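What follows is a set of notes on a single structure, which appears directly below.
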Amino acid sequence: MPMLIHHIDAIAREKKRDVLFLHFENYIEDKDLEDNARNTVLAWLDEHGIAYTPCMGIEDESIIDGYLGDVYLELPFDEQDPQYQLVQQHLEDDEGNMKIEDVFFFVLSLEVALEIEADRQEQNDLEDQFEDDEEDPTTHGRLS
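48 is the number that numbering that gives the first Met the number 0 gives to position 49 of the sequence shown; each next residue is one higher, with no gaps.
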């Protein structure tokens, strides 16, 4: 059955908060390997009761992309939260470097997600205005 997978910026806007997600650099190349980094991390999340949902990266209307293995972590970006601390300690060293090759741990702030949507809306408004100008018969043949 088809699955509707949301972009991470849409998830941030829906949740009205900063969101955490994981990106797996070689998902396409490694997805058929039984012990790939993604499967290992997802098994660890399952083992520790940390919920996650497949997600797309940041939406870009100019690019149509397939699913690249990213997952939204269903926990808040709160450094005092025990589950967040557990994930951070598993994935990052004391300097903030990733411990597992090809795995990236990101936070997308609500502020950035809102800016992305505002920029997208502004671009759509400009395109609509341009299309309206092209359809106006009084402007055909004029250079003004």
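Where a beta carbon is used, it is the ideal one built from N, C-alpha and C, also for glycine. If you're wondering where the values come from, they're calculated on a predicted model, not measured in any experiment.
- P81: member of the alpha helix (DSSP H) spanning 81 to 90, first to last residue.
- Within the stretch 30 to 112, the complete alpha helix (DSSP H) segments at least 4 residues long are 36 to 46, 81 to 90, listed from N- to C-terminus.
- Cβ neighbours of K98 within its own chain (closer than 7 Å, five residues either side excluded): L90, E91, D92.
- Along the stretch 4 to 28, the beta strand (DSSP E) occurs as fully enclosed runs of 3 or more residues at 18 to 23, listed in sequence order.
- Here the C-alpha atom of D127 lies approximately 10 Å from the C-alpha atom of E121.
- Within the same chain, I4, P53, M55 come within 8 Å of Y66 by CB-CB distance, once the 5 residues on both sides are set aside.
- Just measuring C-alpha positions, the residue of D118, E94, I62, P75 sitting nearest A11 is P75.
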